[in-house]
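K.L.:
Handing you a structure now.
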Amino acid sequence: MGQSNELMEKFQADLAWRKKEISNMLLLETNDNQLLIIKATLLLLYSHWEGFVKNACKAYLEHVSNKKISLKDLTENFKAIALKGLIQEMYKSSDTLTLTNELNFLEAAGEFGTKVFSVKKGSFSSEKDKSIINTKDNLNLHVFKSILRIIGIDY
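Under our numbering, the sequence shown has 62 at position 34, and the numbering climbs by one with no breaks.
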């Protein structure tokens, strides 16, 4: 099975349990609790929309990372993600008070043409990681457009 099929299966599995949960919520509706169930379902819909966008975008970035494509062959958004990773590493370095850190950064940035795009496995996949894909717990249109730009999709 190809990596593209695996990505689509991740999307479909993520959507399937979300649809099932929403359907189950609607099945709880009675004449006595109709308004409550409608309100709860709207909250659940929003929550699942935000969660799906976050998971799908992260899965897509991992998919591209797994393909081991050189940064020079990718669009600017992937270069920006890689650059952000370099900046984060620079801030974590113990050489923050010396120029060594900045020189290492410039050297690494200069090698972008030969580097392969990658996102760190593990922590990036975690639900709480907001290092690249951040819905800001409020997936409004502005945040959604920003996320689309990060993954390279025009709005």
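For glycine and all other residues, C-beta sits at the position ideal for the given N, C-alpha and C.
For Phe-152 and Asn-162, I'd like the C-alpha separation in whole angstroms.
P.N.:
11 angstroms
K.L.:
Kindly list the residues whose CB is nearer than 8 angstroms to the CB of Leu-35, restricted to its own chain and excluding five residues on each side of it in sequence; keep chain order.
P.N.:
Once the five neighbours on either side are set aside, the close Cβ partners of Leu-35 are Ala-87, Tyr-88 and His-91.
K.L.:
Buried or exposed: which applies to Ala-110, given that a residue is buried once 16 or more other Cβ atoms fall within 10 Å of its Cβ?
P.N.:
buried
K.L.:
Which parts of the stretch 81 to 144 are runs of the alpha helix (DSSP H), unbroken and 4 residues or longer, counting only runs that do not cross its ends?
P.N.:
104 to 120 and 127 to 138
K.L.:
Taking the alpha-carbon of Ile-178 as reference, which of Lys-143, Ser-159 and Leu-43 has the nearest alpha-carbon?
P.N.:
Ser-159
K.L.:
To which residues of the same chain is Leu-56 closer than 8 angstroms at the C-beta, ignoring the five residues directly before and after it?
P.N.:
Ile-65
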